[in-house]
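Asks:
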Amino acid sequence: MTISELEETLKEEARLFLSRARGLRGPHTEDLFARRVYIGPEDVHVENYPRRPLAVFNPGAVLEGEVVHLFPRLVFEYYSYASAIGHATLPLKDLLAGRIPRPLPVRILLYPTELFEAVRGCEDARAHRREEGYALFYTGVGKLGDARNTDSKEVFTAILSLAEFDEAFQLKRKAPIRIGLSGEETGLALYLPTKNATFLEGDHILLRPSLSGLPDLCWRGRLDPKTLKAYDLRPVLAPEAFEYKVGWSTNALRLPDGTYLVAYHGILRHDLSYRHGFMRLSPEGRPLGLSHYLLAPQGLVECYGDRPLTLYGNGLLLHGEELVFVGGVGDYAIGVFTAPLEEVLKRVVPL
2 MTISELEETL
12 KEEARLFLSR
22 ARGLRGPHTE
32 DLFARRVYIG
42 PEDVHVENYP
52 RRPLAVFNPG
62 AVLEGEVVHL
72 FPRLVFEYYS
82 YASAIGHATL
92 PLKDLLAGRI
102 PRPLPVRILL
112 YPTELFEAVR
122 GCEDARAHRR
132 EEGYALFYTG
142 VGKLGDARNT
152 DSKEVFTAIL
162 SLAEFDEAFQ
172 LKRKAPIRIG
182 LSGEETGLAL
192 YLPTKNATFL
202 EGDHILLRPS
212 LSGLPDLCWR
222 GRLDPKTLKA
232 YDLRPVLAPE
242 AFEYKVGWST
252 NALRLPDGTY
262 LVAYHGILRH
272 DLSYRHGFMR
282 LSPEGRPLGL
292 SHYLLAPQGL
302 VECYGDRPLT
312 LYGNGLLLHG
322 EELVFVGGVG
332 DYAIGVFTAP
342 LEEVLKRVVP
352 L
């Protein structure tokens, strides 16, 4: 099998899924979420870089006991929109009450050092606590191959990447993720524009590769921890006729019964707004239930920004019986939103 045949295999899988997987959702929006706090660039201080950010948004989130770790995307200028990923901590109760230290101390953890990040940096973390430390899926925006080759129509590529840190947030490894049919080192693999990844149980993951000529779908698969090859990919969620595309929004949250809850986003064709629903999944990523939209941008603060009509989720936490959605607002700020878990799950219809 060649690289072209490998990509065609994935495309055929996507075509078959699209032919039978649409019509599960309507465009209905029922916003269940309370607005708790917004954190703008003026509210943070970056401790290890001399410039002030112009945008602080799209933060991954990890809850450890009563402390929440935030991993926001930082942009310091708009000429090239190059991003870094920072880290901040504070008590979750303070975050939900809006008691934010001003300024909130943030330290940059990830910034462009490799060719695959060298154009627009490191974007949109999905954060996870692992036994050996922390793991962040993120999007590296740069080039693959020879940096001197500028003849290609695609000067840069958004490529799914993984960064692993120890307990003290010292970087151990970061690398782009390849797509293959198996995790074996000797097997074929290719780089595809890919985003929106999160861990499920063990080596099972969610991700969203883009295949030329086809709409973006939400997929599940497995990730070999040594080779960083994603394999055994299967489509899970398709865009409806009223959507431009869909993607995974947040990390997958493990529920008490062992299933997982994850937010997805759809971009509506009629206004290009980002709206979020929820899907329940097995530990391996098989779909169990699906909701309509339960969170959408409202009002001036959420509808206006560097990217209007955009709420972009990255973090999903559980605080008692309260679901906490942490995301970006308009590509300039962080928003924290909460809803009763029971009310969200009531609207996740079994598949």
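Here the sequence shown stands for residues 2 to 352, numbered as in the numbering used here.
Beta carbons: idealized from backbone N, C-alpha and C, even for Gly.
#1: Across the region 50 to 57 and the region 68 to 88, are there enough close Cβ pairs to call them in contact, namely three or more that are closer than 8 angstroms?
#2: Flag this pair as touching only if the region 85 to 101 and the region 14 to 29 have three or more C-beta atom pairs under 8 angstroms; answer yes or no.
#3: Thinking C-alpha only, which one of Val107, Glu8 and Ala35 is nearest Asn49?
#4: With respect to 7 angstroms, is the separation between the Cβ of Asp32 and the closest non-hydrogen atom of the ligand SAM below this value?
#5: In the structure shown, what three-state DSSP assignment does Lys144 receive?
#6: Which same chain residues end up closer than 7 angstroms to Asp44 when comparing Cβ atoms and leaving out the 5 residues on each side of it in sequence?
#7: Under the three-state reduction of DSSP, which class applies to Glu8: helix, strand or coil?
#8: Compute the distance between the beta-carbons of Phe326 and Phe34, then report whether it is under 8 angstroms.
#9: State the Cα-Cα distance for the pair Ala98 and Ile268, rounded to the nearest angstrom.
#10: Taking the alpha-carbon positions, what's the Arg16 to Leu317 distance?
#11: Within 10 Å of its beta-carbon, does His266 have 16 or more other beta-carbons around it, so buried, or fewer, so exposed?
#12: DSSP three-state call for Val349: helix, strand or coil?
#13: Going straight from the alpha carbon of Asn252 to that of Pro51, what length do you get?
#14: Taking the runs of the alpha helix (DSSP H) that are 4 residues or longer, which of them lie wholly in the region 271 to 314?
#15: Are three or more beta carbon pairs between the region 254 to 262 and the region 223 to 243 nearer than 8 angstroms?
#16: Measure the C-alpha to C-alpha separation of Pro177 and Arg130 and round it to an integer number of angstroms.
#17: Could you spell out where the beta strand (DSSP E) holding Leu1 opens and where it closes?
#18: Would you kindly check if the distance between the Cβ of Leu11 and the Cβ of Leu1 is under 8 angstroms?
#19: Give me the Cα-Cα distance between Val302 and Ala159, rounded to the nearest whole angstrom.
#20: Taking Pro92 as the reference, give the member of Ser81, Glu115, Tyr112 and Val68 with the closest Cα.
#21: State the start and end residues of the unbroken alpha helix (DSSP H) segment that holds Ala126.
Replies: The answer reads as follows:
#1: Judged by Cβ distances under 8 angstroms, the region 50 to 57 makes contact with the region 68 to 88, as three or more pairs qualify.
#2: Pairwise C-beta distances place the region 85 to 101 out of contact with the region 14 to 29, as fewer than three of them are shorter than 8 angstroms.
#3: That would be Val107, whose Cα lies nearest to the Cα of Asn49.
#4: This structure does not include the ligand SAM; it has no bound ligands of any sort.
#5: Note: Lys144 maps to coil in three-state DSSP.
#6: Closer than 7 angstroms at Cβ, skipping near neighbours: Ile101, Arg103, Pro104 and Leu105.
#7: Helix, per DSSP.
#8: Yes, the Cβ-Cβ distance between Phe326 and Phe34 is below 8 angstroms.
#9: Approximately 30 angstroms, taken between the alpha carbons.
#10: If you draw a straight line from the Cα of Arg16 to the Cα of Leu317, it is about 31 angstroms long.
#11: Buried, because 16 or more other Cβ atoms sit within 10 Å of the Cβ of His266.
#12: In the three-state DSSP reduction, Val349 falls in the coil class, being neither helix nor strand.
#13: Between Asn252 and Pro51, the C-alpha separation is close to 31 angstroms.
#14: Runs found: 300 to 304.
#15: Cβ pair count under 8 angstroms is below three, so no.
#16: Separation of Pro177 and Arg130 (C-alpha to C-alpha, rounded to the nearest whole angstrom) is 20 angstroms.
#17: Only positions 2 to 352 of the chain appear in the structure, and residue 1 is not among them; the question remains open.
#18: The structure shown has nothing for residue 1, since the chain only spans 2 to 352.
#19: Between the alpha carbons of Val302 and Ala159 lies a gap of roughly 28 angstroms.
#20: Comparing Cα positions, the closest option is Val68.
#21: In the DSSP assignment, Ala126 falls outside any alpha helix (DSSP H) and within the unbroken beta strand (DSSP E) covering Gly122 to Arg131.
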